[in-house]
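Written below as structure tokens is the structure these notes are about.
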Ligand code: FES
Ligand code: FES
């Protein structure tokens, strides 16, 4: 067992974790944050993406003990109270959600992209989306949602 101290969605946690437990299992089974999905358990699909110190990473191929002292953001930490992030709003408006298995990771990656670049090119949006496999939507609606969120964020910032 390892004693793990970390911050998840703004809340500090101290927990004993088995040395071999993945961050994905830790979040889902120990912290009850089940928004982060397990699509392949092998680093292939991207569905398990969370932000670690502000950078999207795959939680299924990372051990929980490796994130000692880090700041983790999961999909549950993206909305502020009742206010969805523009990426979440746009995913709903553009019908970019079907089974929703990929959606948390798409949102995490989209938020990271737009927080660093609120006017991304088509290629940049496609690259962002390509980090996650979606079996349902054909990607077009997700792409439209990211562009729509970018536009909203620019308007909010620059008027
Ligand atoms: S569940 Fe982690 S990459 Fe697929
Ligand atoms: S909405 Fe089903 S995998 Fe993307």
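Residue numbers (my numbering): 5 to 163. We put the CB at the ideal spot given by N, CA and C, even for glycine. All values reported here derive from a predicted model rather than from experimental measurement.
The beta carbon of residue 70 is closer than 8 Å to those of 27 in its chain, skipping five residues each way along the sequence. Around ligand 1, the residues whose beta-carbon falls short of 6 Å from at least one of its heavy atoms are 42, 43, 44, 45, 47, 48, 49, 50, 51, 52, 62, 64, given in chain order. According to the DSSP assignment, residue 59 belongs to the beta strand (DSSP E) that extends over 59-62. Between residue 63 and residue 40 a beta carbon distance of about 6 Å is seen, short of the 8 Å cut, so the two are scored as contacting. The beta carbon of residue 98 sits closer than 7 Å to those of 145, 148, 149, 152, all from its chain and outside the five residues before and after it, given in chain order. Separation of the CB atoms of residue 53 and residue 135 is rounded to 7 Å, and the pair is thereby assigned contact status at 8 Å. Taking C-alpha positions only, residue 107 is separated from residue 51 by approximately 8 Å. Proximity to residue 68 across 31, 137, 110 peaks at 31, based on C-alpha coordinates.
DSSP, read as helix, strand or coil, puts residue 75 in strand. Relative to the Cα of residue 89, the nearest Cα in the group 160, 35, 123 belongs to 160.
Taking the CA atoms as reference points, residue 93 sits about 23 Å from residue 12. Here residue 148 carries a helix assignment [DSSP, helix/strand/coil].
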